[in-house]
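Per our numbering, residue 6 is the first one in the sequence shown, and the count goes up by one each step.
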Amino acid sequence: MNGSGRRREHLARADGKQKKAEKNKDQRDPEARRKLALEVIERLKQEYPDTHCTLTFENAWQLLVSVRLAAQCTDLRVDQVTPKLYAKFPSIQALAQAPVEEIEAIVRPCGLGPSKARDISKCMKMLHETFHDQVPDDFDALLSLPGVGRKSANLIMGDIFGKPAIVTDTHCIRLCNLIGLVDNVKEPGKVEKLLWEIIPPEEGNQLCHRLVDHGRKVCVARRPDCPSCCLRDICRHGKQVT
């Protein structure tokens, strides 16, 4: 290789290193991630203007029950089961006083019947005895309920009480990593913390619902439809494959 060839190779290598360094800097820079998040929010608003929780519920305690049943189960299956449950036990008190075996017999199609029935029973008993048949609008109080984790508590805070919330379900975590809002972070609590740093509080709840919509309709887990994606030119994964 002559001198000019070696020089071109050296310059190309240096340019590649610079681009990689700039990319890594963007991934670490909170301001860059914040700008990306705002653009994602606006585009998904245009794509899914009427987003909402896909579980069917009429009040806070029903949403608590549905979210517990939705663990490792589809929302469609949960919505098929809950009408039977509420027809037989139409209130917090009724569920609190129901035999666990009867609850389990109804919710069994959702999977993990014994543990879900047990959690629902304990949760309703605590709501009845400690909170006087009212679902609390305090995050820590919600976390004190049996079977209620951060995901469920955030969903209640956002969908029922209209308070700032970020629900880090599997779609949210997967898409945030693909887009570049977080970098190879899979633990829900850590993703939630990182998103709080870059997302306006009032946007969190609806953004998470829109990420679910997008994850089901376009950015599907097995084969994301990047060419049809409204985020393809700003998404880290999309820019790599399109």
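Even glycine gets a Cβ: it sits at the ideal position worked out from N, Cα and C.
Own chain, CB closer than 6 Å to residue i, minus 5 neighbours either side, in chain order
| i | result |
| --- | --- |
| Arg39 | Ile203 |
| His133 | Ile97, Gln98, Ala101 |
| Asn29 | Interpretation of Asn29 is limited by its pLDDT of 49, a score under 50 that renders its predicted location unreliable; the figure taken from the coordinates is listed afterwards. Same-chain partners within the cutoff: there are none. |
| Val140 | Ala65, Trp66 |
| Phe176 | According to the sequence provided, residue 176 is His. The question's Phe does not apply to it. If we look at His176 and ignore the five residues flanking it on each side, its Cβ neighbours are Leu216, Val217, Gly220. |
| Gly209 | Pro169, Ala170, Ile171 |
| Val153 | Leu147 |
| Asp31 | Since pLDDT at Asp31 reaches only 48, below the 50 mark, its modelled position is unreliable, and no value is offered. |
| Phe94 | Leu100, Ala103 |
Spatial neighbours of residue i in its chain, beta-carbon cut-off 7 Å, leaving aside the 5 residues before and after
| i | result |
| --- | --- |
| Asp218 | Tyr53, Thr56 |
| Pro35 | Glu202, Ile203 |
| Ser149 | none |
| Cys264 | No answer is possible for residue 264: it lies beyond the span of the chain, which begins at 6 and ends at 247. |
| Leu199 | Val187, Val190 |
| Val246 | Cys231 |
| Ala122 | Val105, Ile108, Glu109, Val112 |
| Gly243 | Cys231, Cys234, Leu236, Arg237 |
| Asp142 | Phe166 |
| Glu207 | Pro169 |
| Gly118 | Glu109, Val112 |
| Ile178 | Lys191, Pro193, Val196 |
Cut-off 8 Å between Cβ atoms - residues of its own chain near residue i, not counting five sequence neighbours on either side
| i | result |
| --- | --- |
| Leu60 | Leu68, Ser71, Val72, Ala75, Asp80, Val83, Asp84 |
| Asn189 | Asn182 |
| Lys156 | Val72, Val172, Thr173, Asp174, Pro193 |
| Ser233 | Val223 |
| Val45 | Ile184, Leu186, Leu212, Leu236, Ile239 |
| Ala26 | At Ala26, the pLDDT of 47 sits below 50, so the modelled position is not reliable and the matter cannot be decided from this model. |
Residue i - containing alpha helix (DSSP H), residue span
| i | result |
| --- | --- |
| Glu208 | Glu208 -> no alpha helix (DSSP H), and no H or E assigned at all. |
| Glu47 | 35 to 52 |
| Arg82 | 80 to 93 |
Three-state secondary structure assigned by DSSP to residue i
| i | result |
| --- | --- |
| Pro232 | helix |
| Ala101 | helix |
| Pro119 | helix |
| Thr61 | coil |
| Ser126 | helix |
| Asp218 | helix |
| Lys4 | Because the chain here runs from 6 to 247, residue 4 falls outside it and cannot be looked at. |
| Thr1 | Lying before the first or after the last residue shown, residue 1 is absent from the chain, which here runs from 6 to 247. |
| Val72 | helix |
| Val246 | helix |
| Ala226 | coil |
| Gln77 | coil |
| Trp237 | As written in the sequence, residue 237 is Arg, which differs from the Trp given in the question. Of the three classes helix, strand and coil, the one that applies to Arg237 here is coil, per DSSP. |
heavy atom of the ligand ATP below 7 Å from residue i C-beta
| i | result |
| --- | --- |
| Phe136 | This structure simply doesn't include the ligand ATP, nor any ligand for that matter. |
is_contact[residue i, chain C] using C-beta, thresh 8 Å
| i | result |
| --- | --- |
| Lys127 | Reference to chain C is not applicable here, since this structure consists of a single protein chain. |
query: Do three or more CB pairs link the segment 98 to 110 to the segment 164 to 179 at distances below 8 Å?
result: no
Please confirm if the segment 35 to 54 is in contact with the segment 128 to 147, defined as three or more CB-CB distances below 8 Å between the two stretches. no
| message | Three Cβ pairs or more, each shorter than 8 Å: is that satisfied between the segment 227 to 243 and the segment 181 to 193? | response | yes
I'd like the ranges of any alpha helix (DSSP H) spanning at least 4 consecutive residues and lying wholly in the segment 177 to 202. The qualifying runs are 193 to 201.
So within the segment 126 to 157, which uninterrupted alpha helix (DSSP H) runs reach at least 4 residues, ignoring any that extend past its ends? 144 to 148
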